[in-house]
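K.L.:
Residue numbers (the numbering used here): -14 to 158. What follows is a structure written as structure tokens; I'll ask about it next.
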């Protein structure tokens, strides 16, 4: 289950830049230390040690990924980036079956209608967080038309939660 949360776009971008910088510094430090250590332990003085340098960088990538998906994932300084990643994953899961969603919306399937509303709200938020006003303006007419349809059908337009099980139900319908 994913839920949209209100975010200040300026603060969000500032915090995600900060967390990106922290992760980049951790990676650079790990890559440099591991490359130097590999060359020192396994390399030959004056020899070709490229493979040990590459191996150290590769190990740095793996350790950085493990740190980000492990202990860093729950840290407050990474929370905005995690939220942005989860938002984009949720939107992509809907995008992948959008043909089914729109087909079911045309058939007045309440679940599909809710999924499409969540998609519109999530996409609008993503555009705001990414400062992409041109893409948001292109979507406005479709969003308003769908909202009016929901109101006419008596369906709540505040669809800030997304349950992946809804997509499974749409796919089997």
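Cβ atoms here follow ideal geometry from the backbone N, Cα and C, with glycine treated the same way. Since this is a predicted model, take the numbers as computed values, not measurements.
List the endpoints of the continuous alpha helix (DSSP H) containing residue 149.
P.N.:
Segment 149 to 157, the alpha helix (DSSP H) holding residue 149.
K.L.:
Quick one: grab the DSSP three-state call for residue 29.
P.N.:
Residue 29 falls in the coil class under three-state DSSP.
K.L.:
Keeping to the same chain, check which residues put their C-beta closer than 8 Å to that of residue 118; ignore five residues upstream and five downstream.
P.N.:
Here the set comprises 112.
K.L.:
Determine the direct distance from the alpha carbon of residue 140 to that of residue 65, and round the result to whole angstroms.
P.N.:
The alpha-carbon atoms of residue 65 and residue 140 are separated by roughly 30 Å.
K.L.:
Measure the C-alpha to C-alpha separation of residue 87 and residue 97 and round it to an integer number of angstroms.
P.N.:
Using only the alpha carbons, I get a separation of about 7 Å.
K.L.:
Near residue 76, which residues of its chain fall below 7 Å by C-beta distance, leaving aside the five closest residues on each side in sequence?
P.N.:
Only 104, 107, 108, 111 meet the Cβ criterion.
K.L.:
Kindly indicate which residue of 18, 115, 0 has the alpha-carbon position closest to the one of residue 73.
P.N.:
Comparing Cα-Cα distances from residue 73 to each of 18, 115, 0, the minimum goes to 115.
K.L.:
Per DSSP, residue -13 forms a beta bridge with which residues?
P.N.:
Residue -13 is bridged to 147.
K.L.:
Is the beta carbon of residue 37 less than 8 Å from the beta carbon of residue 24?
P.N.:
The answer is yes: Cβ separation under 8 Å.
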